[in-house]
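Residue numbers (this note's numbering), protein chains in the order written: chain A, 162 to 458; chain B, 3 to 344.
Note that the Cβ used here is the ideal one computed from N, Cα and C, for glycine as well.
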Amino acid sequence: MVKFHWLHSKAEHGPLYQLWSVFRQQHAAVLGLILFCFFALTALLGPLITPYDPYLQNPDALLVPPSWDEQGQVRFLLGTDDLGRDVLSRLIKGASYTFGIAIITVLGAMILGLLLGVLAGMSKGFRASAFNHMLDLALTIPSLLLAIIIVAILGPGLINTIWAIMLALLPQFVHGIRNAIQQQLEQDYVIAYRLDGANQLQILRNVVLPNIWEQLTILFSMALSTAILDIAALGFLGLGAQSPAAEWGVMVADALDLIYLAPWSIALPGLLIFVAVLSVNLVSDGLRAAIRKRQES
Amino acid sequence: MIWQFLIRRLFLLLFVFFALTCFAFSLGHLFPGDPLTNFSGISQPSDELLPALVQQYQLEQGYLQQYFAFLSRILQGDWGLSLSSQQPIITELTQVFPATLELVAYALLISFVVGVPLGLIAAIKAQHWSGRFISGVAMVGYSVPIFWWALLMIMLFSITLGWLPTSGRISVLFEIPASTGFMLPDIMLSKQPYWQAAMIDALRHLLLPALVLATFPTTVMIRFTRDAMLGVWQQSYIKTARAKGLSRSQVLYRHGLRNAMMPVLRQLGLQFSTLVTLAMITELIFSWPGIGLWLLDSINQRNYPAIQGGLLVISTLVIMVNILMDILHTLLNPLARKQFNG
C-alpha cells in the first residue's frame, strides 16, 4: 500500500526500522520472536530460576506425574523422572544446553564463515573455482552426518559435538556469504566506487559488508534451527552430551525405558525442542519475507 | 554442448570419489588405535599373519603407496573385517544397504504423492484459509525433531492403539530368503504358501517408519512447490496463456506445474542427503536393520573398519544422487543449459 506523506516519508527511517515495520505486520513471525526471546532469556538465566537443583535426586518422589494429574504434586510442577529429579528444573537447565550452546556454535561458525566467505568472494579465477568445487562437495554431506563422522573420530562428548556442528555448518555459511558478496560486487554502485579509486579493502568495508547483513541474519537463523536439531539428535543418539546432563535430546533418550510408565518424560523435552526450532523457523521465514518486501518497496 | 556438460560432471564425480577415498583412507590413521587393525579389522594378528598383512597394506611404505593399496582393495571388494562380528564388511553392507534404500524410496514416494498436490493447493489458494493451513502444517512438520516425532507415533499407534508393530522389517514367524535384499520383492519371489500374509505383515512393519521418515521431505516438497508455483504464476507466459483463452486448470498443468517442478527436482537432490541422515535416526528407533542402525552400532562399538566402509557407501550414494539430479535437471531444463553454456 502506498501512502502519501508530506513530512514523514518512510525512507527517512533507517533500514532497520523499515525492516521492523514490515516484520511486525506478520503475526506468526512476531510470535516466533517472542518465543525466541523467551528461550534466549531462559538459557541465559537458567541456573538462577530453577526451583530445584536439576541434578538433585529425591528418593521419596520417583516418577511423580505432572501436577495437573490426579497423583501429581504441586511442588513438582511438571513431575519428576525415574531418579526423582524435578523435570521442570531439568528442562530449564536444558535450555542453556540445547538452545544456548546452539547459539554459541552458530556464532562461531558465522565468524569463521565470514572470514572464509570474504576470501572466497573477493578472489577470482582458478582459486575461486577450486574452492567452489570443494564447497559443493562439502555441502552435499548433511550437517548431522558430518557431525556424526567428526564425533566418530574425536569420540563422543559435548565439546566435540560443538566443534563437529560448527565445522558441519561452516560450508553453508561460506557458500551463502560468498554468493551475497558476489551479488554485491556486480552492483553499479560498487563499480562506481571502484572507479573513484577504492581498493578491495575499502569496497569490502564500506559497501559490501554493510549491504549483506540481511543475508547474514537469514543464514544465522537457518543455521540455528539446524544446530538445535543436530545437538538434540546427537544427544539422543548418545554421541553428544552424556547422560546425566540435562540436554533435551539426552532427556528424551534417558526416558526411552519409561515410555509405558511415564510418557510425559518423553513428550515434554521433545515438545521444547520442537517449539524452540519452530520459533527460530518462524522468525527466519518472517525475516525473509520482510527483507524481500523492503527491497521491493 | 551437452556432452561437454556430461564430461565435466564425470570429472567432478571422479574428483569427488578421489576426495572421498582419501578421506576414508585418512580415517584409518585418524581413528585411535593401530592403523593395521583399523584397516583390516583383525585386532590381534598372529605372528605368521603380521608380516603378510603389513606387506598387503604397505604399512612400511609412505602414505602414497598405502593409499594406492587401499584404493585397489576397495575396488576389489576387500573392505576388511568387522571388529565385532569378524565378518567381511562388504557382506554386511550388502545385507543392510538395501533395507535403507527401500525405506528411503518409500518415504520419497509418499512425500512426492502427498507433497506436490498440497504445495499446489497452498500456492493457488495462498490467501484462502486452506492454503494458509497447509503452509502452517508444513512449517510445523519442518520443525519437528524426527526422533521425538517417531516416539510420539509409536506411543499413539503402537502402544495406545496397538495397531502397528514397533520394530523390524517383518515378523520373525516368516522366513523369507534374501535374494534381492528388498523385502517386498523378496516376498514375491519366495513363492511360499504364506506369502500374502507375509506381505501384509511386511507392509504393517513398513508403514510407521516410512510415514515418520516421509514427514520431513513432504514438508520440504510442499514449501518448494508452493514457492516455485508462486514464482511461476507471476511470469508473463502465464498471463499470455490466460490471455489466449486457456482455462485455469489448463494453464496450471501445461504451463505452471511443468516449470514449477524444475526447482523442486533440484531441491530433491539437495535434500536427499538430509533424508539419509534422518533415515539413520528412524532406523535406530524402529530397529530397522539398515545401514544407519549398523553404522550407529559401529560407532558405539568403536568398530573402525565398519565406520570407514559405512561412511564411504553413504557418502557415495548421496553424491551420486546429487550429480544424477543435477544432470537430470540440466537435461530437462533448457534454461539451466543456457546458463551453463553462457
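- In this structure, L280/A is the residue among L305/A, I323/A, L280/A, L244/A with its C-alpha nearest to the C-alpha of G337/A.
- For F135/B, the enclosing alpha helix (DSSP H) begins and ends at 131–145.
- A residue is called buried when at least 16 other Cβ atoms come within 10 angstroms of its Cβ; G138/B does not meet this threshold and is exposed.
- If you draw a straight line from the Cα of A152/B to the Cα of S173/B, it comes to about 20 Å.
- Here K254/A is buried: its Cβ has 16 or more other Cβ atoms, across all protein chains shown, within 10 Å.
- For L83/B, the beta-bridge partners assigned by DSSP are P90/B.
- About 6 Å separates the beta carbon of V438/A from that of L390/A, a gap short enough to meet the 8 Å contact definition.
- For a cut-off of 8 Å, the C-beta gap from F184/B to E104/B is around 5 Å, short enough to register as a contact.
- Annotation: the region 262–315 of chain A contains the following complete segments of the alpha helix (DSSP H) (minimum length 4 residues), in chain order: 262–283, 287–301, 304–315.
- A distance below 8 Å separates the beta carbons of L400/A and I309/A.
- The beta-carbon of M157/B is placed less than 8 Å from the nearest beta-carbon of chain A.
- Interface with chain A (8 Å Cβ-Cβ cutoff): V106/B is excluded.
- Sequence-distant Cβ neighbours of A394/A in its own chain, meaning closer than 7 Å and more than five residues away, are L305, G410.
- Here DSSP, grouped into helix, strand and coil, assigns D247/A to strand.
- In summary, D349/A is exposed, with fewer than 16 beta-carbon neighbours lying within 10 Å of its beta-carbon over all protein chains present.
- H130/B counts as exposed, since fewer than 16 other beta carbons sit within 10 angstroms of its beta carbon.
- When C-beta atoms of the region 7–21 of chain B are compared with those of the region 297–312 of chain B, fewer than three pairs fall below 8 Å, so the two segments do not count as touching.
- Within the model, the alpha-carbon separation for I136/B versus L194/A is close to 22 Å.
- One alpha carbon belongs to A222/A, the other to G245/A, and they sit about 5 Å apart.
- Only G138, M141, V142, Y144, S145, V146, P147, I148, F149, W150 from the region 137–150 of chain B bring a Cβ to less than 9 Å from some Cβ of chain A.
- Counting only runs of 3+ residues, no beta strand (DSSP E) is found wholly inside the region 381–456 of chain A.
- Cα atoms of V56/B and I44/B: separation of roughly 12 Å, rounded to the nearest angstrom.
- Annotation for R75/B: the continuous alpha helix (DSSP H) segment containing it runs 65–78.
- Within the DSSP bridge table, the entry for T241/A names D247/A as partners.
- Those residues of the region 310–324 of chain B placed with their C-beta closer than 8 Å to a C-beta in chain A are L313, I316, S317, V320, I321, N324, ordered along the chain.
- Residue-level contact by beta carbon holds for H294/A and chain B, with a gap shorter than 8 Å.
- Taking the C-beta atoms as reference points, R244/B is found no nearer than 8 Å to V234/B.
- When only Cα atoms are considered, R236/A and V142/B end up about 33 Å apart.
- The criterion of a C-beta distance shorter than 8 Å is satisfied by R251/A and M412/A.
- C-alpha of A313/A to C-alpha of A325/A: approximately 10 Å in a straight line.
- Against chain A, a Cβ distance below 8 Å from I224/B picks out nothing, because the smallest value is about 13 Å.
- DSSP, reduced to helix, strand and coil, places R185/A outside both helices and strands of the structure shown, so it counts as coil.
- Within the region 234–262 of chain A, contact with chain B at the beta-carbon level (separation under 8 Å) is assigned to no residue.
- Contact between the region 260–274 of chain B and the region 66–79 of chain B is absent: fewer than three C-beta pairs spanning the two stretches fall below 8 Å.
- Interface flag for N302/B against chain A is set, since a Cβ pair is found closer than 8 Å.
- Put simply, the backbone Cα of F260/A is about 28 Å away from that of G233/A.
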